[in-house]
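Asks: Counting in full-length UniProt numbering, the sequence shown runs from 1 upward without gaps.
Backbone N, C-alpha and C define an ideal beta-carbon position, used for all residues, glycine too.
Just dropping this structure here.
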Amino acid sequence: MEKVNTVVSCVNDASMIVRNCVKTSVTNRDKSFERELLMLVVNKITDFIPNKVINVDVDVSEFVSLADHSFNVPDKIDMLLGAKIFYELLRPGQIYAQNSQLLLQNTVFGYVVSGSVDQVAEDRVHCGLILDDDLNKTLKQFWEIENVDVE
1 MEKVNTVVSC VNDASMIVRN CVKTSVTNRD KSFERELLML VVNKITDFIP
51 NKVINVDVDV SEFVSLADHS FNVPDKIDML LGAKIFYELL RPGQIYAQNS
101 QLLLQNTVFG YVVSGSVDQV AEDRVHCGLI LDDDLNKTLK QFWEIENVDV
151 E
């Protein structure tokens with residue numbers, strides 16, 4: 001684990017300072033994709049997603065491998081992968097699930113499911129943004145704020 005001083009910005013002008021990061025390797029199941037990433041370490045990314053069990057009847061072909069077979073059951077989010085790597089993860093292939101508003105998008109990890117589900121009453125919205133300022137710039141700003149003139 002390495003020390004950092006990075007501001008994570010959220011909705012409604014909320015923010016927090018992250019003080020640790022870790023270098024790790026992200027790999028898919030068949031090892032055809034692997035990247036070394038520097039990730040910020042936080043106690044909790046968000047609440048369980050989805051916030052309630054989603055009853056879905058998605059007829060998925062035996063040839064479609066889902067990235068997460070229990071995507072409809074609330075669980076913790078292990079990591080967020082940002083824009084730096086996002087487009088590397090996408091693969092050709094989208095499937096619109098019949099009789100639903102769900103879309104299956106092919107990725108290096110398998111198909112991920114997104115879309116709208118009517119029976120889930122959302123009582124909260126999940127949103128996040130990370131601004132990864134250069135460490136020197138952040139430290140400079142910190143010291144400018146903390147600088148006290150001695151007379």
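How would you call residue 41, buried or exposed, if buried means at least 16 neighbouring beta carbons within 10 angstroms?
Replies: Residue 41 is exposed by the Cβ-count criterion.
Asks: Does residue 104 come within less than 8 Å of chain C when only Cβ atoms are used?
Replies: The structure shown contains no chain C; it is built from a single protein chain.
Asks: Nearest to residue 109 by CA position, among 35, 100 and 75, is which residue?
Replies: The candidate whose alpha carbon is nearest that of residue 109 is 35.
Asks: Helix, strand or coil: how does DSSP classify residue 6 here?
Replies: Looking at residue 6 - three-state DSSP - the assignment turns out to be strand.
Asks: Please name the residue, chosen from 86, 9, 8 and 2, that lies closest to residue 26 on a Cα-to-Cα basis.
Replies: Taking only the C-alpha atoms, the option nearest residue 26 is 86.
Asks: Does the distance from the C-beta atom of residue 3 to that of residue 29 stay below 8 Å?
Replies: No, these two residues do not count as a Cβ contact at 8 Å.
Asks: Taking residue 34 as part of the beta strand (DSSP E), name the residues at either end of that continuous run.
Replies: Where residue 34 is concerned, the enclosing beta strand (DSSP E) stretches over 34-40.
Asks: Closest to residue 81 by C-alpha separation, out of 55, 89 and 74, would be which residue?
Replies: Answer by Cα proximity: 89.
Asks: With H, G and I counted as helix, E and B as strand and the rest as coil, what does DSSP make of residue 151?
Replies: With a pLDDT of 49 at residue 151, under the threshold of 50, the modelled position of this residue cannot be trusted; read the value that follows with caution. Of the three classes helix, strand and coil, the one that applies to residue 151 here is coil, per DSSP.
Asks: Compare the Cα-Cα distances from residue 32 to each of 114, 75, 99 and 107 and report the closest residue.
Replies: When each option's Cα is compared against that of residue 32, the closest is 107.
Asks: Just to confirm the assignment: which complete alpha helix (DSSP H) runs, minimum length 4, are found wholly within the segment 26-110?
Replies: Segments of the alpha helix (DSSP H) lying fully in the segment 26-110: 83-89.
Asks: Would you list the one or two residues that DSSP bridges to residue 1?
Replies: BP columns for residue 1 are empty, so no partner.
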